[in-house]
Amino acid sequence: MLSAALAAALLGCAGGSAAALSGGKTPPVDPAGPLSALPPASTAQIAATAGGRGGTVVTLITGERVHVNGAAGHQQVSVTPSASGAVPLVDTFTVGGDLYVVPRDAGPYLGTLLDQRLFDVSLLTRLGFDDARQKAIPVTVGWKADRHPVAAPGVTAPIKGRTTSGTVDKSRATAFGAALASRFAADRHVPAGRVSARVTGKAGGLDEVNAVSLAMPGQGPLLPASGEAAPPAGRPAGGQAAPPATVGGTPDGGESATNGVRLYTLTIDAIERDGQPGYARIDVQNLDDLRHYWSVSWVGPGQPVALSVPAGRYSIEAFVGTPVASSLFQTSTFVALPDVAVRRDRAVTADARTAKPMTITTPRPAETGMVGLSYTREGADGRAFAGTVLGFGRSELLQVFGPGQEYPDLRAFATPTGAHGVGALHFADSWLLEPPGRGFGANPAYAYYLDYADDEGVPTRLDHDLGADDLATVQENYSADRPGQGAEFFSPHHSWSPYDAYLSVYNFALPGTRTNYFGGAGSPVWQPAVFDDVGDAAASVVGTARAYEPGRQTSESWLRGPLVPTPTAESGLVAPSPAGDGHGFMCPVCRQDDIMLFDVTDYGDAAGHWAYLPRSGEDLKFYRDDVLTQEQPRSGGIFPMLPGSASYKIDWVTHPAPTGSPLDSTVESAWTFTSRRPDRPDKIPSFEYCGPDVTRGCSLLPLVFAGYDLDVDQSGRAPADRPETFRLTGYHQAHETNASPVTKAAVEVSFDDGATWTAVSDVRADHGGFVVTVPAGPPAGGKSTGYVSLRTRLSDTSGSALSQTITRAYALPTTAAGNARSHGR
């Protein structure tokens, strides 16, 4: 069943609502310190954080797993449940460049029971608490009494002491999330049937706890507190319902009644479409100067929010949800009050009855799987505040929560804004539609991804009637070496939005195919990603952002192997721009003076998507003039070079996590090249930055990479009764203008997992690459494990070379299929 936090916020939407401070010449200011872009990354910072290729995964203290890809300002954020099934119902907002992901059960407790920094995904990553580097989160627990015999669920801490230090093991974080959901239900008097599926106890086991904070004092910006706080620490379960929660306030920290600035009470409540008091998320910003006031609040029936604000003009945006008897929500309504003057105490209502229905008509029958409503409001000072809400329809609710109850179809509404006073108001409605009646775990035959953005606010016309010529058609092919479940994410990108929310076909069968249709206003830009599992060991691949041309038919493959290291800048380390006004990506392999930055993606599939897979270990060795000078148990980092011409070698071995998948390949890559300190830096794209000093230029290094286009089916198996013929491509990192052509290739094959090797005689140059034909099986008398391993050497005319060994690159057709989840080779 859905979390009670939905009732406190909005419509039962999984996904994000975002609040971002941006724009203007002066960054917003917080009482805890300036909220500005990160300073240029130091050598130590890069050394500490390189190795985050394939995106970043951070498990929160409540158990949700947050996946972040892309650069700050245009991040793709998705949230998946852990293996325990905790539901990803979250609010997301951005303050001072830091991304916060807050589960709905946790929102009302920010700044009281829970330290905001526990949900600052950017800070947790900077401190090394992402999943790739740490398995636990250090916390400080404040108790109501000196002795506390009842331990907080999921928290390992001493049972004596008013304040104790401990940890939350990420594998047990869902226990803390369940306790918090129970605490929320008790504090809010949530009736039976409106509690989270993860609730496990009457009061959740947090009765003895006053506060839980990140055990890193002084790190990262704290959100300013304002308005009436949500449940005070120590309030006994069963007491009066907690007042609405508010995060925000006066970011400059300097305006209050005590220093001559008079504050007025702005009271806001919500009315549902049926005329009853409603549940809503309320965003408020001062249009004259965002630094004077902004806030994010949650209200419920009979629980209006009362805010203390200075006089001025305000914009109020509300997301209102209407519940049904099953405790699910059947409507998502965006209500905007874009220009509200406050000169005295004032009360306003976000009335969902003023909204118009939003409808979609498609060529093939479809119902709403997800809908996203997004806005950005710019004030007179040029600063912007933004929000997004994602709602689940009937088909996707079934995939998330499983069978066993009736789920309502989701309807969306919005209030046309018309004239909106000062500044600008941007709005978008984004849709995922699926065939009616999709079953649990089934792969829908088709899906529609649609996005309608308007730079003038909410338009008067909110119905969209689509024909075949309005849509691009893409045949999607999802590979997997044995049956499993996957999830697909497409994020619509808006230039005015601080981050890209996602639409997702969740929990579909792998391997498989599907026809996706893309459309909308103008030419929407989409960022795609595919997960081959939704548990703790999920593998994912991410494609580059693209627009789809209406009327055009194309195809795309995902997770087709073998998966090998790939120099995709967009997958690597996010870096601040030299001017401090934006973010981009570190170059994959570049030289700055006598330092090399190595930030190559661990895996990329045959279509060029960069991938993240769980790893059981890595080993990287760096040689300079044949002398081992650096060794480390992880990928990425910085390495010392000589000013004069010298030879270099990078040995990198990646070991996959032991999932039992037969095509979990160990990949050994050895790059050799020569380099000297360049006379001048290379010209690289504006979105790429050099390292370790992002304010200076650099030169791209001439490493050779390999691409394999195997003739295998979606299970990674070669065709029967004939040799395997595939295309092999040698290439350099993108934008390297001085690269020499790759002209030589040699291939060896093993049918016994590398015990014996045989040279492949049929390797032919062909149109800038090579065509390789591998025998259908081992020579007479040879042994076979049923899998084929490849050892390849590629070299260019300047002497740069790659030697790469892939254990179990593909399967022979007689190999028995597995019966568990895969990494999609």
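First residue of the sequence shown? That's 11 in the numbering used here, and the numbers climb one at a time after it.
Note that CB positions come from ideal geometry on N, CA and C, so glycine has one too.
The structure presented is a predicted model; accordingly, all values stated were derived computationally and were not measured.
| Query | Result |
| --- | --- |
| Starting from the C-beta of residue 739, find all residues in its chain whose C-beta is less than 6 angstroms away, skip the five residues before and the five after it, and write them out in chain order. | 717, 779 |
| I'd like to confirm something about residue 802: is its beta-carbon nearer than 6 angstroms to some heavy atom of the ligand FAD, or not? | Absent from the structure shown: the ligand FAD. Ligands present: none. |
| State the start and end residues of the unbroken alpha helix (DSSP H) segment that holds residue 135. | 131-136 |
| Using a beta-carbon distance below 7 angstroms, is residue 380 in contact with chain D? | No chain D is part of this structure, which consists of one protein chain only. |
| Which same chain residues end up closer than 7 angstroms to residue 781 when comparing Cβ atoms and leaving out the 5 residues on each side of it in sequence? | 735, 737, 774 |
| How long is the line joining the alpha carbons of residue 817 and residue 758, rounded to whole angstroms? | 12 angstroms |
| Is it true that the region 274-291 meets the region 302-316, where meeting means three or more beta-carbon pairs spaced less than 8 angstroms apart? | yes |
| Would you say the region 717-728 touches the region 682-689, given that touching needs at least three Cβ pairs under 8 angstroms? | no |
| By DSSP, does residue 455 sit in helix, in strand, or in coil? | coil |
| So, with DSSP's three-state summary, where would you put residue 787? | coil |
| Using 8 angstroms as the threshold, is the region 385-402 in touch with the region 368-377, meaning 3 or more CB pairs across them? | no |
| Which word fits residue 450, buried or exposed, when buried means at least 16 other C-beta atoms lie within 10 angstroms of its C-beta? | exposed |
| Give me the Cα-Cα distance between residue 635 and residue 656, rounded to the nearest whole angstrom. | 6 angstroms |
| Rounded to whole angstroms, what's the CA-CA distance from residue 279 to residue 350? Just pull it up for me. | 15 angstroms |
| Let's see if you can read the secondary structure: which residues bound the alpha helix (DSSP H) around residue 410? | 404-411 |
| Find the nearest neighbour of residue 503 within the set 618, 600, 557, judged by alpha-carbon distance. | 557 |
| Assess, as a yes-or-no matter, whether the region 483-494 is touched by the region 563-570 under the definition of 3 or more beta carbon pairs within less than 8 angstroms. | yes |
| Fully enclosed by the region 374-447, which alpha helix (DSSP H) runs are 4 residues long or longer? | 404-411 |
| I'd like to confirm the pairing. Which residues does DSSP put opposite residue 368 in its beta bridges? | 422 |
| Is it the case that the Cβ atoms of residue 533 and residue 541 are separated by a distance below 7 angstroms? | no |
| Are residue 134 and residue 68 close, meaning C-beta to C-beta below 7 angstroms? | yes |
| Write down the C-beta distance between residue 398 and residue 365 rounded to the nearest angstrom, noting that I regard them as a contact closer than 8 angstroms. | So it is not a contact: roughly 17 angstroms between Cβ atoms. |
| Please name the residue in 323, 700, 173 whose C-alpha comes closest to that of residue 648. | 700 |
| Over what stretch of residues does the beta strand (DSSP E) that includes residue 775 continue unbroken? | 773-776 |
| Secondary structure at residue 126, three-state DSSP: helix, strand or coil? | helix |
| Secondary structure at residue 793, three-state DSSP: helix, strand or coil? | coil |
| Within this structure, are the beta carbons of residue 459 and residue 528 separated by less than 7 angstroms? | yes |
| Can you round the beta-carbon distance between residue 369 and residue 464 to whole angstroms, since I take them to be within the 8 angstroms contact cut? | Residue 369 to residue 464, Cβ: 16 angstroms. No contact. |
| Between residue 517 and residue 415, is the Cβ-Cβ spacing less than 7 angstroms? | no |
| Straight-line CA distance for residue 275 to residue 303? | 13 angstroms |
| Name the DSSP bridge partner or partners of residue 727? | 821 |
| So residue 139 is in the beta strand (DSSP E); what residue range does that whole segment cover? | First-last for residue 139: undefined, no H or E at that position. |
| Just the Cα atoms here: how many angstroms apart are residue 641 and residue 664? | 14 angstroms |
| Please go through the same chain and pick out, in chain order, the residues whose beta-carbon is closer than 8 angstroms to the beta-carbon of residue 72, but skip the five residues on each side of it. | 96, 113, 115, 116, 183, 184, 186, 187, 190 |
| Would you grab the beta carbon distance between residue 525 and residue 456 for me? Rounded to a whole angstrom, and I think it's under 8 angstroms. | 4 angstroms |
| With DSSP collapsed to three states, give me the class of residue 812. | strand |
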